[in-house]
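Colleague: Protein chains in written order, with the working numbering: chain A, 112 to 739; chain B, 21 to 209.
Before anything else, here's the structure in question.
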Amino acid sequence: MAITAYVGSAGLLLALASSWYAPPAGASQDPAAASSTASPQAKAPAASATSSSGATFNFAPNDPAGEWHSQARDYANTRYSPLDKINAGNVGKLRIAWTFSDGTLHGHEAAPLVVGNTMYVVTPFPDMAYALDLTKPGAFISWTFKPNPSPSAVGKACCDAVTRGSTYVDGMLIYNLLDDHTVAVDVKTGKQIWRTKMGNLKTGETMTMAPFAVGDKVFVGDSGGEMGAHGWIAALDVHTGKELWRAYNTGSDAIARIGADFKPYYAWMKGKDLGISTWPAGAWQHGGGTVWGWISYDPQTNLIYYGTSNPSPRVPAQRPGDNLWASTIFARDADTGMARWAYQTTPHDEWDYDAVNEDILMDLPINGRIRKVMVHFDRNAYAYTIDRTTGEVLLAAPFAYLNWSTGFDMKTGRPIVNKDKEPKPNVEITNLCPPDIGGKDWQPSAASPRTGLVYAGIFNICMDLTDHKVGYIQSTPYDGMEMSRRAAPGGNLGEFMAWNPATGKKVWAIKEKFMTMSGALATAGDIVFYGTADGWFRAVNAWNGKVLWSQKLGSGVIGQPITYIGPDHRQYVAIYSGIGGAATVKADANLSGFPALGGTLYVFSIDGDSVQTDSDDAPTPSPSTANE
Amino acid sequence: MKLRIALCHLTVVTSMVMLSSCQGGSTPPAASSVPAATDVATQPLGQVAGVSQDPASSLSTANPYDGNPQAVEQGKALFVKMNCAGCHAYTGKGNMGPDLTDTYWRYGGLPIQIYTSIHDGRPQGMPAWGTALAPQDIWKLVAYIQSFGGTVPASDYRQAHEGDTPGEQVAPEASTAPSPPSASGGSKP
Numbered sequence: 112m113a114i115t116a117y118v119g120s121a122g123l124l125l126a127l128a129s130s131w132y133a134p135p136a137g138a139s140q141d142p143a144a145a146s147s148t149a150s151p152q153a154k155a156p157a158a159s160a161t162s163s164s165g166a167t168f169n170f171a172p173n174d175p176a177g178e179w180h181s182q183a184r185d186y187a188n189t190r191y192s193p194l195d196k197i198n199a200g201n202v203g204k205l206r207i208a209w210t211f212s213d214g215t216l217h218g219h220e221a222a223p224l225v226v227g228n229t230m231y232v233v234t235p236f237p238d239m240a241y242a243l244d245l246t247k248p249g250a251f252i253s254w255t256f257k258p259n260p261s262p263s264a265v266g267k268a269c270c271d272a273v274t275r276g277s278t279y280v281d282g283m284l285i286y287n288l289l290d291d292h293t294v295a296v297d298v299k300t301g302k303q304i305w306r307t308k309m310g311n312l313k314t315g316e317t318m319t320m321a322p323f324a325v326g327d328k329v330f331v332g333d334s335g336g337e338m339g340a341h342g343w344i345a346a347l348d349v350h351t352g353k354e355l356w357r358a359y360n361t362g363s364d365a366i367a368r369i370g371a372d373f374k375p376y377y378a379w380m381k382g383k384d385l386g387i388s389t390w391p392a393g394a395w396q397h398g399g400g401t402v403w404g405w406i407s408y409d410p411q412t413n414l415i416y417y418g419t420s421n422p423s424p425r426v427p428a429q430r431p432g433d434n435l436w437a438s439t440i441f442a443r444d445a446d447t448g449m450a451r452w453a454y455q456t457t458p459h460d461e462w463d464y465d466a467v468n469e470d471i472l473m474d475l476p477i478n479g480r481i482r483k484v485m486v487h488f489d490r491n492a493y494a495y496t497i498d499r500t501t502g503e504v505l506l507a508a509p510f511a512y513l514n515w516s517t518g519f520d521m522k523t524g525r526p527i528v529n530k531d532k533e534p535k536p537n538v539e540i541t542n543l544c545p546p547d548i549g550g551k552d553w554q555p556s557a558a559s560p561r562t563g564l565v566y567a568g569i570f571n572i573c574m575d576l577t578d579h580k581v582g583y584i585q586s587t588p589y590d591g592m593e594m595s596r597r598a599a600p601g602g603n604l605g606e607f608m609a610w611n612p613a614t615g616k617k618v619w620a621i622k623e624k625f626m627t628m629s630g631a632l633a634t635a636g637d638i639v640f641y642g643t644a645d646g647w648f649r650a651v652n653a654w655n656g657k658v659l660w661s662q663k664l665g666s667g668v669i670g671q672p673i674t675y676i677g678p679d680h681r682q683y684v685a686i687y688s689g690i691g692g693a694a695t696v697k698a699d700a701n702l703s704g705f706p707a708l709g710g711t712l713y714v715f716s717i718d719g720d721s722v723q724t725d726s727d728d729a730p731t732p733s734p735s736t737a738n739e
Numbered sequence: 021m022k023l024r025i026a027l028c029h030l031t032v033v034t035s036m037v038m039l040s041s042c043q044g045g046s047t048p049p050a051a052s053s054v055p056a057a058t059d060v061a062t063q064p065l066g067q068v069a070g071v072s073q074d075p076a077s078s079l080s081t082a083n084p085y086d087g088n089p090q091a092v093e094q095g096k097a098l099f100v101k102m103n104c105a106g107c108h109a110y111t112g113k114g115n116m117g118p119d120l121t122d123t124y125w126r127y128g129g130l131p132i133q134i135y136t137s138i139h140d141g142r143p144q145g146m147p148a149w150g151t152a153l154a155p156q157d158i159w160k161l162v163a164y165i166q167s168f169g170g171t172v173p174a175s176d177y178r179q180a181h182e183g184d185t186p187g188e189q190v191a192p193e194a195s196t197a198p199s200p201p202s203a204s205g206g207s208k209p
């Protein structure tokens, strides 16, 4: 039905897309797809369906097309799959193939992984891992790993006892436990290979981010910007769990691993020990700057990129100064951890905007030159296109409703702050936008080399804010923000959008009543997947944003969709359903229609077809036997 | 386990008596309305297997600051100062930590149960404040939490122990059951 409507209004694009990427032999065909490819426009030159931005990507490490080994799938963080058996023509026939309940009810923010014929999932607290044998019908559990993390971690996690997933390296599943340990599990046996203690619960640290692996190193960081933690990123040896280097994101140049190679683009980030001098005396020690988001990697320069959290406490009156290197994007040498450049997105972050959101790496023509860039949708509601070799901001444009800033100074690289929206202790500021969780939170966007667009779930939310001065007490929040959130103008809390990173313009947008806090998935089938806080999982046309398919799931969707090829050569799409995280904090949760908690993985295929015969030939009861 | 709890409360009450003997006249008197150490120390706070008589009489321990508006104000100041608001929100409605204004209590909504939660901490991240705060301060925090209106009066300890929320319709025999002897005030055994 949705397809018919779509073909009627914009058949040209679909036809071009379909002709460009004809499904390989054996892919499921359906009448809608057949009729659109048969239309006269299908003969039009494919060149007219060209990328809007001209962006190109390095898809290293070039994992097998039908598999999904890390949260972002590739170093560049594209979350793009080259699979196209499911495409704009047949996605309307997606049905549930199987489901899997993992027995936990905190927010489900992670993507499952698929390696060979096995799917690996990790759960929110108590941080279990499961291996599911895809050669057998119905999510057959090969092993379960129960690490038994400390329950006290639950109460130290600001925004629900979540995990943002695992990564696969060399026969191991590596992920972080909420109680500050990184573990490596043997994917064949489900037994622990190593477990390394990385932080301390008593200082307010937890770990929620997904480890990011390059070669024989895995990079991890802490959470706890609301608890006065001292943020860091570290590299571990993937085979032993031994710590190779650690860089703190506040404090002296020595502990921040800032040396002679450090060349920030802007003058205000140059100088000695700025991680100390941009704070009141000693305040950097509990200054936040944690690493709970995403890491990307450029193989050409051997640099990793990541962002740091808000400065602590969240009350800016208590920490005059820029508060480096909180709310900052860092480029570091992957081998040594030495910083190459930094760019603070929100100097003296007064609103808890962080800079932890994903950095998508691409090469982009800008003003007639190909630039090596990263695209970053910050919580402060500016979308940045940044030269990833120097840290120069090439483009900064709002992608969501904001009023904390009145503009952007391209000369200094600093946003211009609206004086009326600067919090002061015990003074209520109403209608401050975006709120603490930003114009977009951690939920990662996806990019397509075919359209040249970046796709992201974003927010349309404001807050009323009153700051309260706070004292640092170990093991308690170092916070001080009293706030309530509500929808920004328009009334919708969520939106899913396509963004042109070369022009800094929104190409299309779908408004959602509830928050859109799921990851995005883009595929070579020219469709993009996302979910909503009230539990809708949707597939839309990547070119024009037409909704092609929607399915209501048991709970809200804040997970990250993936797609893979099963042992039966079918293409599947998988997504967790399980509301939680920041999505359960006020705004949404007060609306009728907000879902209950859950923890179920949904896997879809065309017509819901899946592996039906147990390859280990265990007898399947026939209907007559089952009835007896 | 039982022994540990008993000792803990013995310590609480003992130190409370000691501290209150040192305090000036401006603080509301606490020691006089607190049960004697022996009463608390010998009573378990939870269910006891194989004991036919009422296991819960120590739950009837009332807040010595019951109905004291000054203590509520002081408790509110402590709630902010000790960063309780960071987890339970400035409204008490919860965020990282549970809502303290509703009638659902994971570890019990009686004053002494809330005291215990604050004093000993709870497994899912509630810190133990027994060493950082004097017993009077913990009771003032309890008084502030009681002012939200979702707690269970000490006098209703028996119903609360059985899961019957005061004020709600319960089985006829429960609603007509005579009040236990220590129900009024709950502070005099």
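Just so it is clear, CB atoms sit at the ideal spot from N, CA and C, and this is done for glycine as well.
As the structure is a prediction and not an experimental result, all values here were calculated from the model.
Tell me which residue opens and which closes the alpha helix (DSSP H) that residue 177/B is part of.
Modeller: Within the second sequence, residue 177/B is the residue found at index 157, counting from 1. Taken as a continuous stretch (DSSP letters only), the alpha helix (DSSP H) holding residue 177/B covers 177-181.
Colleague: I want to see whether chain A comes within less than 8 Å of residue 100/B, judged by CB atoms only; does it?
Modeller: In the second sequence, residue 100/B corresponds to position 80, counting from 1. By this cut-off, residue 100/B is an interface position.
Colleague: Assuming residue 90/B contacts residue 262/A (C-beta within less than 8 Å), just tell me the rounded distance between them.
Modeller: Here residue 90/B refers to the residue found at position 70 when the second sequence is read from its first residue. Here residue 262/A refers to the residue found at position 151 when the first sequence is read from its first residue. Their Cβ separation, rounded to whole angstroms, is 37 Å, which puts residue 90/B and residue 262/A out of contact at 8 Å.
Colleague: So what's residue 701/A in DSSP terms, helix, strand or just coil?
Modeller: Here residue 701/A refers to the residue found at position 590 when the first sequence is read from its first residue. The answer is helix: DSSP assigns residue 701/A an H, G or I state.
Colleague: Where does residue 587/A land, buried or exposed, given buried means 16+ other C-beta within 10 angstroms?
Modeller: As a working mapping, residue 587/A is identified with position 476 in the first sequence. Buried: at least 16 other Cβ atoms inside 10 Å.
Colleague: What residues are listed by DSSP as bridge partners for residue 740/A?
Modeller: Examination of residue 740/A is not possible in this model, given that chain A is present from 112 through 739 alone.
Colleague: Just the chain B side, please: which residues come within less than 9 Å of residue 587/A by C-beta, in chain order?
Modeller: One-based indexing of the first sequence puts residue 587/A at position 476. Going along chain B in sequence order, the residues near residue 587/A (Cβ under 9 Å) are 102, 103, 104, 106, 107 and 147.
Colleague: Would DSSP call residue 277/A helix, strand or coil?
Modeller: As a position in the first sequence, residue 277/A is number 166, starting the count at 1. Of the three classes helix, strand and coil, the one that applies to residue 277/A here is coil, per DSSP.
Colleague: What are the boundary residues of the alpha helix (DSSP H) that includes residue 397/A?
Modeller: Translated into positions along the first sequence, residue 397/A becomes position 286. Segment: none, residue 397/A is in no alpha helix (DSSP H) and carries neither H nor E.
Colleague: Count the other C-beta atoms from every protein chain shown that fall within 10 angstroms of the C-beta of residue 338/A, then say buried if there are 16 or more, exposed otherwise.
Modeller: Residue mapping note: residue 338/A aligns to position 227 of the first sequence, counting from 1. The residue is buried, with at least 16 neighbouring Cβ atoms inside 10 Å.
Colleague: Any C-beta of chain B within less than 8 Å: which residues of the region 534-546 of chain A qualify?
Modeller: none
Colleague: So, do the region 179-187 of chain A and the region 402-420 of chain A have three or more beta carbon pairs nearer to each other than 8 Å?
Modeller: Judged by Cβ distances under 8 Å, the region 179-187 of chain A makes contact with the region 402-420 of chain A, as three or more pairs qualify.
Colleague: Quick one: is residue 523/A buried, meaning 16 or more other Cβ sit within 10 Å of its Cβ, or exposed?
Modeller: Residue mapping note: residue 523/A aligns to position 412 of the first sequence, counting from 1. So residue 523/A counts as exposed.
Colleague: Given that residue 95/B touches chain A, what residues does it touch there, using C-beta distances under 8 Å?
Modeller: Within the second sequence, the letter at position 75 stands for residue 95/B. The premise fails here: residue 95/B is roughly 16 Å from chain A at the closest Cβ pair, so nothing lies under 8 Å.
Colleague: Anything in chain A within Cβ reach of residue 143/B, meaning under 7 Å, just list it in chain order.
Modeller: Here residue 143/B corresponds to residue number 123 of the second sequence, with the count starting at 1. In chain order: 262 and 263.
Colleague: For residue 680/A, count the other beta carbons within 10 Å of its own beta carbon; 16 or more makes it buried, fewer makes it exposed. Which is it?
Modeller: Residue numbering aside, residue 680/A sits at position 569 when the first sequence is read from its first letter. Burial call: exposed.
Colleague: Going along the chain, which residues of its own chain have a beta-carbon closer than 6 Å to the beta-carbon of residue 465/A, five neighbours each way excluded?
Modeller: For the purposes of this step, residue 465/A is taken as the residue at position 354 of the first sequence. Listed in chain order, the non-local C-beta contacts of residue 465/A below 6 Å within the same chain comprise 420, 421, 438 and 490, local neighbours out to five positions each way being set aside.
Colleague: Report the option in 655/A, 671/A, 651/A and 611/A whose CA atom is closest to the CA atom of residue 477/A.
Modeller: To locate residue 477/A, count along the first sequence from 1; it is residue 366. Nearest of 655/A, 671/A, 651/A and 611/A to residue 477/A, Cα basis: 611/A.
Colleague: Starting from the beta carbon of residue 128/B, find every residue of chain A whose beta carbon is closer than 7 Å, and list them in chain order.
Modeller: Counted from its first residue, the second sequence places residue 128/B at position 108. By Cβ distance, chain A contributes nothing, its closest Cβ being about 18 Å from residue 128/B, past 7 Å.
Colleague: Comparing C-alpha positions only, which one of 593/A, 314/A, 375/A and 350/A sits nearest to residue 341/A?
Modeller: Locating residue 341/A in the first sequence gives position 230, counting from the first residue. Ranking 593/A, 314/A, 375/A and 350/A by Cα distance to residue 341/A puts 314/A first.
Colleague: Using only the alpha-carbon positions, how far apart do residue 177/B and residue 328/A sit?
Modeller: Position 157 of the second sequence, counted from the first residue, corresponds to residue 177/B. Position 217 of the first sequence, counted from the first residue, corresponds to residue 328/A. Between residue 177/B and residue 328/A, the C-alpha separation is close to 57 Å.
Colleague: Closest to residue 553/A by CA distance: which of 624/A, 218/A, 581/A and 630/A is it?
Modeller: Position 442 of the first sequence holds residue 553/A. Nearest C-alpha to residue 553/A: 630/A.
Colleague: Are the CB atoms of residue 402/A and residue 471/A within a distance shorter than 8 Å?
Modeller: Here residue 471/A is taken as the residue at index 360 of the first sequence, counted from 1. Here residue 402/A is taken as the residue at index 291 of the first sequence, counted from 1. Result no, Cβ atoms of residue 471/A and residue 402/A do not sit closer than 8 Å.
Colleague: In chain order, what residues of the same chain lie with their CB nearer than 8 Å to the CB of residue 58/B, ignoring the 5 residues before and after it?
Modeller: Here residue 58/B corresponds to residue number 38 of the second sequence, with the count starting at 1. Only weak support is given to the placement of residue 58/B: the predicted model assigns it a pLDDT of 43, under 50, and the question is left unresolved by the model.
Colleague: In this structure, what does DSSP give as the bridge partners for residue 229/A?
Modeller: As a working mapping, residue 229/A is identified with position 118 in the first sequence. DSSP output for residue 229/A lists 226/A and 244/A as bridge partner(s).
Colleague: Measure the alpha-carbon distance for residue 209/A versus residue 663/A and round it to whole angstroms.
Modeller: Taking the first sequence and counting its residues from 1, one reaches residue 209/A at position 98. Taking the first sequence and counting its residues from 1, one reaches residue 663/A at position 552. Approximately 15 Å, taken between the alpha carbons.
Colleague: The ligand MN and residue 377/A: does the residue's C-beta get closer than 7 Å to at least one heavy atom of that ligand?
Modeller: As for the ligand MN, it is missing from this structure, which has no ligand bound.
Colleague: Measure from the C-beta of residue 112/B to each C-beta in chain A and report whether the shortest distance is under 8 Å.
Modeller: Walking along the second sequence from the start, residue 112/B turns up at place 92. It does not; no Cβ of chain A falls within 8 Å.
Colleague: Look at residue 289/A and residue 236/A and say whether their C-beta atoms are less than 8 Å apart.
Modeller: What you label residue 289/A is simply residue 178 of the first sequence in a count that begins at 1. What you label residue 236/A is simply residue 125 of the first sequence in a count that begins at 1. It is a contact, given that the beta carbons lie within the stated cut-off.
Colleague: For residue 150/B, which residues in chain A fall below 8 Å Cβ to Cβ?
Modeller: If you number the second sequence from 1, residue 150/B lands on position 130. What residue 150/B touches in chain A: nothing, since even the nearest Cβ is about 14 Å away.
Colleague: Cβ closer than 7 Å: which chain B residues qualify as neighbours of residue 590/A?
Modeller: Within the first sequence, residue 590/A is the residue found at index 479, counting from 1. What residue 590/A touches in chain B: 106.
Colleague: For the region 506-586 of chain A, which segments carrying the beta strand (DSSP E) assignment without a break, of at least 3 residues, lie completely within its bounds, in sequence order?
Modeller: 516-520, 525-528, 539-543, 565-570 and 572-578
Colleague: Tell me the residue span of the alpha helix (DSSP H) that contains residue 140/B.
Modeller: Within the second sequence, the letter at position 120 stands for residue 140/B. Run containing residue 140/B: 131-140, per the alpha helix (DSSP H) assignment.
Colleague: So with CB distances below 9 Å, who are the chain B contacts of residue 579/A?
Modeller: Start at 1 with the first residue of the first sequence, and residue 579/A comes out as number 468. Those are 100, 105 and 110, listed as they occur along chain B.
Colleague: For a cutoff of 8 Å on Cβ pairs, would you count residue 117/B as touching chain A?
Modeller: Here residue 117/B refers to the residue found at position 97 when the second sequence is read from its first residue. Taking Cβ atoms only, chain A reaches closer than 8 Å to residue 117/B, which makes this a yes.
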